[in-house]
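Remarks on the structure that follows.
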Amino acid sequence: MSTFADLNTRVRDDIDRTDLNAQIDRELRRAVMHYEKQRWWFNEQQATASTSSSQAAYGLPADLLVLDDLEITISNRRFRMNEIQWGRYLDEYRYNNVVGQPGDWAMYADQLWLGPVPNQVYTLNLNYIRTLYPASFTDGTDNAWTNYADDLLVARCLKTLGAKTLQLASGTLLTWEALERQAYQALCTMNEQRIMTGQVRPWSG
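Convert by adding 1231 to the 1-based position in the sequence shown; the result is the number in the working numbering.
Following this line, the structure appears as structure tokens:
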């Protein structure tokens, strides 16, 4: 298992510099931010929440990046709720103050809005892509990015650091870009195996 401190050391060794810790940490952060918006098996997450009677808006999980689906539990059965645009939500629910069993949801101002406004307590099930952006890059912190995507983060860090800070020749940058591409493909292959279990999903349309 690697830590973010380990990744920093790898980059320093590759460029043979000991005076760029802050710059390396910055580019490692940016590498995580660049790739975390993509769906990986390790950034899929589930969470539950409870509604309150007559409350329309609810806060989102602190680690949420993209909400995939929202389900509601009614009589011990889960039902998938329907996402609608904010304008439609205003027309159908907000202005009319409709209260009842929620079936729709909209996102606005980092809040989840349910329509109709809940008439009682319901359990919500959120399926989403989460951020694993680490709190620190210098105290030995590790997470899925360092355990599964260390080669990808190091290669991208080397490429961006070489281009912006070190201003290296294009040949070296192309080499690091190729390493990033190889690491990305390797992680994508593992991702397909984890999410798709190595099989082609049946589809009809």
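Even for Gly, the Cβ is constructed at its ideal location relative to N, Cα and C.
Give every residue of the same chain whose Cβ lies closer than 6 angstroms to the Cβ of residue i, excluding the five residues on either side of it in the sequence, and list them in chain order.
| i | result |
| --- | --- |
| residue 1421 | none |
Straight-line CA distance for residue i to residue j?
| i | j | result |
| --- | --- | --- |
| residue 1406 | residue 1352 | 57 angstroms |
| residue 1397 | residue 1264 | 21 angstroms |
| residue 1251 | residue 1394 | 14 angstroms |
| residue 1242 | residue 1295 | 30 angstroms |
| residue 1403 | residue 1240 | 19 angstroms |
| residue 1248 | residue 1382 | 19 angstroms |
| residue 1357 | residue 1273 | 16 angstroms |
| residue 1331 | residue 1307 | 18 angstroms |
| residue 1244 | residue 1237 | 11 angstroms |
Going by CA-CA distance only, name the one from the options that's closest to residue i.
| i | options | result |
| --- | --- | --- |
| residue 1280 | 1303, 1268, 1258 | 1303 |
| residue 1349 | 1342, 1328, 1319, 1290 | 1328 |
| residue 1261 | 1246, 1235, 1343 | 1235 |
| residue 1232 | 1341, 1278, 1378, 1310 | 1378 |
| residue 1292 | 1372, 1359, 1375 | 1359 |
| residue 1341 | 1255, 1267, 1418, 1298 | 1298 |
What would DSSP say about residue i, mapped onto helix, strand or coil?
| i | result |
| --- | --- |
| residue 1437 | Residue 1437 is absent from the model: the chain starts at 1232 and stops at 1436. |
| residue 1401 | helix |
| residue 1338 | strand |
| residue 1308 | strand |
| residue 1238 | helix |
| residue 1385 | helix |
| residue 1211 | A query on residue 1211 cannot be resolved here, the shown segment of the chain reaching from 1232 to 1436 and no further. |
| residue 1344 | strand |
Tell me, please, whether the region 1406 to 1418 touches the region 1383 to 1390 by the rule of three or more beta-carbon pairs shorter than 8 angstroms. yes
Hey, is the region 1326 to 1345 in contact with the region 1311 to 1318, meaning 3+ C-beta pairs nearer than 8 angstroms? yes
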